[in-house]
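Each remark here refers to the structure printed beneath this line.
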Amino acid sequence: MKGLIVERAGPLTLIQDGGRFGVRHLGVTQGGAADWVSLGWANWLLGNAPQAPGVEITVGGLTLYAETSATLALTGADLGATLDDAPLAPGTRFTITAGQRLAFESPRAGLRAYLAFPGGLDATPVLGSVSSTVRESLGGLDGQGRVLDEGDCLTWAGTAGAERTLPLGVGTLPGDEERVMLALVSGAQIADFSGTSVFEAFNTPWQVDQRADRMGVRLTGSELRYLGEGMVSEGIPLGAVQVPADGQPIVLLNDRQTIGGYPRLGALTPLACARLAQCQPGTEVWLTPVAAGQARNAHLRQLACWR
Amino acid sequence: MSDPSIETVGMDSLIVRLFDSIDEEHMPWMLAADHALREAFGEALIDLVPSYTTLLVHYDIQRLDLQAARARVSEALAGLTPATSGEGQRHVIPVWYDVSVGPELERIAERLGVSHEDVIARHCARDYSVFALGFAPGYAFMGRLDDELATPRLKTPRQKVAAGSVAIAERQTAVYPTLSPGGWNIVGRTAVALFGRDREGYSLFRPGDKVRFEAISREAFIEQGGDPTPLAERGDTPTEAQT
Numbered sequence: 001m002k003g004l005i006v007e008r009a010g011p012l013t014l015i016q017d018g019g020r021f022g023v024r025h026l027g028v029t030q031g032g033a034a035d036w037v038s039l040g041w042a043n044w045l046l047g048n049a050p051q052a053p054g055v056e057i058t059v060g061g062l063t064l065y066a067e068t069s070a071t072l073a074l075t076g077a078d079l080g081a082t083l084d085d086a087p088l089a090p091g092t093r094f095t096i097t098a099g100q101r102l103a104f105e106s107p108r109a110g111l112r113a114y115l116a117f118p119g120g121l122d123a124t125p126v127l128g129s130v131s132s133t134v135r136e137s138l139g140g141l142d143g144q145g146r147v148l149d150e151g152d153c154l155t156w157a158g159t160a161g162a163e164r165t166l167p168l169g170v171g172t173l174p175g176d177e178e179r180v181m182l183a184l185v186s187g188a189q190i191a192d193f194s195g196t197s198v199f200e201a202f203n204t205p206w207q208v209d210q211r212a213d214r215m216g217v218r219l220t221g222s223e224l225r226y227l228g229e230g231m232v233s234e235g236i237p238l239g240a241v242q243v244p245a246d247g248q249p250i251v252l253l254n255d256r257q258t259i260g261g262y263p264r265l266g267a268l269t270p271l272a273c274a275r276l277a278q279c280q281p282g283t284e285v286w287l288t289p290v291a292a293g294q295a296r297n298a299h300l301r302q303l304a305c306w307r
Numbered sequence: 001m002s003d004p005s006i007e008t009v010g011m012d013s014l015i016v017r018l019f020d021s022i023d024e025e026h027m028p029w030m031l032a033a034d035h036a037l038r039e040a041f042g043e044a045l046i047d048l049v050p051s052y053t054t055l056l057v058h059y060d061i062q063r064l065d066l067q068a069a070r071a072r073v074s075e076a077l078a079g080l081t082p083a084t085s086g087e088g089q090r091h092v093i094p095v096w097y098d099v100s101v102g103p104e105l106e107r108i109a110e111r112l113g114v115s116h117e118d119v120i121a122r123h124c125a126r127d128y129s130v131f132a133l134g135f136a137p138g139y140a141f142m143g144r145l146d147d148e149l150a151t152p153r154l155k156t157p158r159q160k161v162a163a164g165s166v167a168i169a170e171r172q173t174a175v176y177p178t179l180s181p182g183g184w185n186i187v188g189r190t191a192v193a194l195f196g197r198d199r200e201g202y203s204l205f206r207p208g209d210k211v212r213f214e215a216i217s218r219e220a221f222i223e224q225g226g227d228p229t230p231l232a233e234r235g236d237t238p239t240e241a242q243t
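Chains as they are written, first to last, in the UniProt record's numbering: chain A, 1 to 307; chain B, 1 to 243.
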């Protein structure tokens with residue numbers, strides 16, 4: 001079957017959908033697009049379900065050769081994409097003609113770009129999802145979780161819906177944000193941190209560290225002090241902000257372990273996780289408290305955009 | 001069971017805390033709560049992650065708000081009675097205990113001043129309860145070990161622990177389902193597959209199951225399809241050892 005051939009795979013190009021659910025009690029991680037908002041908009045551009053399988057391109061380095069013409073959509077990070085050497089800005093639905101090459105170089109803004117396909121990419125779900133989890137050998141094109149590789153062929157079965165253009169200011173990264181504000185639903189062990197630490201958590205800047213991947217993103221800044229007792233491991237939600245003994249928080253993302261025993265301040269909202277997943281190392285971010293109900297409303301508004 | 005608490009831990013997740021400490025006696029309550037929460041949430045449940053003393057409820061915010069979710073938890077816990085014993089499955093796991101595939105057999109025997117056989121006999125002497133699954137698909141935290149077998153984790157974790165490796169850390173024991181990094185003490189290897197996408201329910205072990213290990217010979221292990229390749233050396237390099 002004809003499709004897009006991977007000529008150069010890049011360091012971390014993964015097939016992702018909305019994630020793997022209903023199996024976390026077996027130790028299976030959630031997975032799914034780290035910036036699920038960008039994947040959602042890419043799919044929306046083609047008339048797909050928001051969680052339809054697409055490609056998550058981390059930091060670039062990918063070249064695809066079109067064996068057949070297709071209508072695709074690109075959102076998320078600006079990784080210097082080109083279509084036969086002509087620049088292609090993220091936040092667009094475009095046509096690739098048989099014989100053309102789509103290439104991604106390196107990050108200009110953000111970290112992860114999302115490519116959507118008519119009706120969603122073809123891949124067989126494993127435990128209910130095509131999300132590639134390398135560590136668990138689950139998902140992806142071969143079902144074994146591996147990253148995309150040279151020679152892989154990307155195919156799809158659907159057709160693109162009616163022409164759509166993105167509403168202003170979505171599907172790409174905000175370029176003029178003064179501060180990256182990450183909404184955090186406080187809870188878990190927050191009451192067992194020192195008062196000063198809780199104040200500093202929300203009132204001092206945090207730097208995104210180099211140690212960042214799909215499992216978690218380490219933030220550096222004020223030293224947070226936990227005064228409680230040692231914990232027994234418990235289930236960890238998406239976005240959990242855990243604080244190990246060194247006092248530097250780690251935000252746990254899609255590929256996190258299912259249970260863990262570090263004290264937590266609460267959890268970033270899924271919208272904030274999507275934003276954080278686009279922050280390059282060195283980016284300054286701020287944590288801002290949000291009530292669970294308020295976070296839910298914002299989340300439902302996002303989902304309503306795609307109906 | 002003490003008074004359970006319901007704690008907000010994120011936009012769409014609650015922790016239901018039933019106990020404060022790890023104890024086999026808690027398992028019937030934990031299993032009962034698991035069943036009751038699944039029933040109470042029904043379609044609104046996205047994931048339910050039980051651990052030793054808590055259950056994480058990840059619910060669908062398109063169906064429930066926080067108040068409704070809390071109400072479902074309260075409803076589930078009202079009149080909860082412990083699950084009857086014998087509900088979990090019993091497993092006998094054949095293990096080839098040998099220093100080539102379980103180097104810390106030596107470390108533990110030396111510390112206790114006993115033979116390898118004594119260590120093996122003690123590890124095989126009791127049924128272990130599965131407390132929780134986590135770390136990797138199908139990885140079951142089991143306990144409690146004979147006090148004397150309790151051994152701290154390795155200072156430097158191995159980068160690669162073979163699938164089927166039988167391990168000890170503190171008063172817990174486990175089997176690595178797949179090749180992965182790991183810091184537990186390895187004492188042997190089993191040929192039994194613990195996790196498979198084609199297996200009914202995917203994972204062999206479930207919380208509340210009872211597991212007993214049984215020592216077998218190298219020949220029997222190979223006959224069962226086991227891979228006798230010696231465990232790779234620990235991944236520590238002089239650089240890492242210095243830091």
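C-beta: ideal position from N, C-alpha, C; glycine also.
These numbers were taken from a predicted model, which means no experiment stands behind them.
Asked: Rounded to the nearest angstrom, what separates R234/B and L14/A at their Cα positions?; Found: Per-residue confidence for R234/B stands at a pLDDT of 48, beneath the threshold of 50, marking its modelled position as unreliable; the derived number appears in the next sentence. Distance between the alpha carbons of R234/B and L14/A is about 30 Å.
Asked: Apart from the five residues just before and just after T258/A, which ones in its own chain have a Cβ nearer than 6 Å to its Cβ?; Found: R24 and G27
Asked: Taking C-beta pairs closer than 7 Å, name the residues in chain A that A32/B reaches, listed in chain order.; Found: Near A32/B there are no residues of chain A at all, since even the closest Cβ is about 15 Å away, more than 7 Å.
Asked: List the residues of chain B that L300/A touches, going by C-beta distances under 9 Å, in chain order.; Found: I61 and Q62
Asked: Are any of the Cβ atoms in chain A nearer than 8 Å to that of T151/B?; Found: no
Asked: Return the Cβ separation of H123/B and V187/B in integer angstroms, given the expectation that the two are a contact with Cβ distance under 8 Å.; Found: 7 Å
Asked: List the DSSP bridge partners of N185/B.; Found: I168/B
Asked: Since F213/B and V166/B should fall inside the 8 Å C-beta cutoff, what is the C-beta to C-beta distance between them, to a whole number of angstroms?; Found: 7 Å
Asked: By DSSP, does T178/B sit in helix, in strand, or in coil?; Found: coil
Asked: Does the Cβ-Cβ distance between D209/A and P281/A come in under 8 Å?; Found: yes
Asked: Residues of chain B with a CB under 7 Å from the CB of L26/A: which are they?; Found: L133, P137, G138, Y202 and S203
Asked: Inspect the CB distances between the region 48-67 of chain A and the region 6-21 of chain A and report whether three or more fall short of 8 Å.; Found: yes
Asked: Under a CB-based cut-off of 8 Å, is Q257/A close to chain B?; Found: yes
Asked: Contact check, E87/B vs G208/B under 8 Å by CB: the rounded distance?; Found: 6 Å
Asked: How should L303/A be labelled, buried or exposed, when 16 other C-beta atoms within 10 angstroms of its C-beta is the threshold for buried?; Found: exposed
Asked: Given this structure, state the Cα-to-Cα distance separating E253/A from Q207/A, to the nearest angstrom.; Found: Looking at the sequence provided, one finds Leu at residue 253/A rather than Glu. In a straight line, the C-alpha of L253/A is about 17 Å away from that of Q207/A.
Asked: Is M1/A buried or exposed, if buried means 16 or more other CB atoms sit within 10 Å of its CB?; Found: exposed
Asked: Cutting at 7 Å between CB atoms, please list the residues of its own chain near P50/B, excluding the five before and the five after it.; Found: M30, D34, A132 and P207
Asked: Against P50/B, what residues of chain A qualify as contacts under a CB-to-CB distance less than 8 Å, listed in chain order?; Found: H25 and G235
Asked: Determine the closest residue to V126/A out of D198/B, H116/B and L45/B, with distance taken between C-alpha atoms.; Found: D198/B
Asked: For chain B, check one thing: does any of its Cβ atoms lie closer than 8 Å to the Cβ of E136/A?; Found: yes
Asked: Look at the alpha carbon of Q100/A and the alpha carbon of D85/A, and state the distance between them as a whole number of angstroms.; Found: 10 Å
Asked: Taking the alpha carbon of D147/B as the point to measure from, which residue in K160/B, S180/B, F141/B and L112/B has its own alpha carbon closest?; Found: L112/B
Asked: Could you tell me which chain B residues have their CB closer than 9 Å to the CB of R112/A, listed as they occur along the chain?; Found: Within chain B, no residue comes near R112/A; the closest Cβ sits about 21 Å away, beyond 9 Å.
Asked: Relative to the C-alpha of R153/B, which candidate in R70/B, P82/B, A174/B and D227/B has its C-alpha closest?; Found: A174/B
Asked: For N203/A, count the other beta carbons within 10 Å of its own beta carbon; 16 or more makes it buried, fewer makes it exposed. Which is it?; Found: exposed
Asked: Taking 8 Å as the threshold (C-beta atoms), are L184/A and A267/A in contact?; Found: yes
Asked: Anyone know if the C-beta pair for L271/A and A245/A falls short of 8 Å?; Found: no
Asked: Kindly indicate the opening and closing residues of the beta strand (DSSP E) around M142/B.; Found: A140 to G143
Asked: How many Å lie between G145/A and I15/B at the Cα?; Found: 30 Å
Asked: Judging by CA-CA distance, which residue of M11/B, P82/B, G201/B and S21/B is the nearest neighbour of A69/B?; Found: M11/B
Asked: For K210/B, count the other beta carbons within 10 Å of its own beta carbon; 16 or more makes it buried, fewer makes it exposed. Which is it?; Found: buried
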